[in-house]
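Below is one structure, written out as structure tokens; comments come after it.
Rendered as structure tokens:
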């Protein structure tokens with residue numbers, strides 16, 4: 031079976047969003063264009079890491095080009111997207127590996143999210159080799175979402191993604207772990223349950 035690539039070049043919309051209540055949220059990346067929508071599930075930490083890496087890469091592009099690249103220092107307010115994910119949210123796959131690149135010729139950020147796959151291997155070296163072969167296999171590799179964004183779109187994506195990550199449960203004032211609606215066993219309180 032040939033690799034399925036969901037390509038958006040450019041997307042009408044590319045956002046991170048959630049489904050569910052704080053503490054039980056499922057995180058998604060969602061790309062849409064021309065009536066087509068692709069949603070892929072991932073972990074909260076993956077969303078945070080992606081947003082942070084996008085900002086870091088854009089900052090590096092600005093630095094290396096001396097500010098000549100079409101990359102804003104901050105996300106423009108007119109591109110602020112607070113709308114929910116397009117429904118119904120149908121998961122195409124769960125993300126395992128992500129990659130970022132800057133296409134200097136086209137002045138585009140390339141975001142790739144590949145499906146999580148399970149590999150059998152006898153050793154760490156065998157596992158690393160199998161992972162590399164699978165990720166590089168353009169014909170039979172895992173499904174992939176590939177999105178090409180302008181610098182402005184990438185800044186707007188990163189800003190929203192960080193806001194979505196930070197919109198979860200409030201942190202405990204003592205230990206900084208997330209508070210659960212049912213209560214919180216705080217390690218700083220020697221395990222005594224603390225109300226939310």
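Residue numbers (our numbering): 31 to 226.
Built from N, CA and C at the ideal position, the CB exists for glycine as well.
Contact under 8 Å by Cβ, residue i with residue j
i: residue 179; j: residue 187; result: yes
i: residue 80; j: residue 182; result: no
i: residue 49; j: residue 43; result: no
i: residue 190; j: residue 111; result: yes
i: residue 91; j: residue 78; result: no
N- and C-terminal bounds of the beta strand (DSSP E) containing residue i
i: residue 240; result: With the chain represented from 31 up to 226, any question about residue 240 goes unanswered, as that position is not in the structure.
i: residue 53; result: Segment: none, residue 53 is in no beta strand (DSSP E) and carries neither H nor E.
i: residue 70; result: 66-72
i: residue 177; result: 174-179
i: residue 35; result: 35-38
Other residues of its chain near residue i: CB distance less than 7 Å, five sequence neighbours each side excluded
i: residue 129; result: 142
i: residue 138; result: 178, 179 and 180
Pick from the options that is closest to residue i, judged by C-alpha positions
i: residue 89; options: 77, 105, 45 and 78; result: 105
i: residue 199; options: 94, 191, 97 and 209; result: 209
i: residue 201; options: 67, 214 and 40; result: 214
i: residue 33; options: 195, 172 and 204; result: 172
i: residue 46; options: 216, 194 and 159; result: 194
i: residue 17; options: 159, 145, 216 and 207; result: Because the chain spans 31 through 226 in this model, residue 17 falls outside it and cannot be assessed.
i: residue 205; options: 219, 170 and 107; result: 219
Below-8 Å beta-carbon distance, residue i vs any chain C residue
i: residue 33; result: The structure shown contains no chain C, having only a single protein chain.
Sufficient close CB pairs (3 or more, under 8 Å) joining the region 118-126 to the region 63-73: yes
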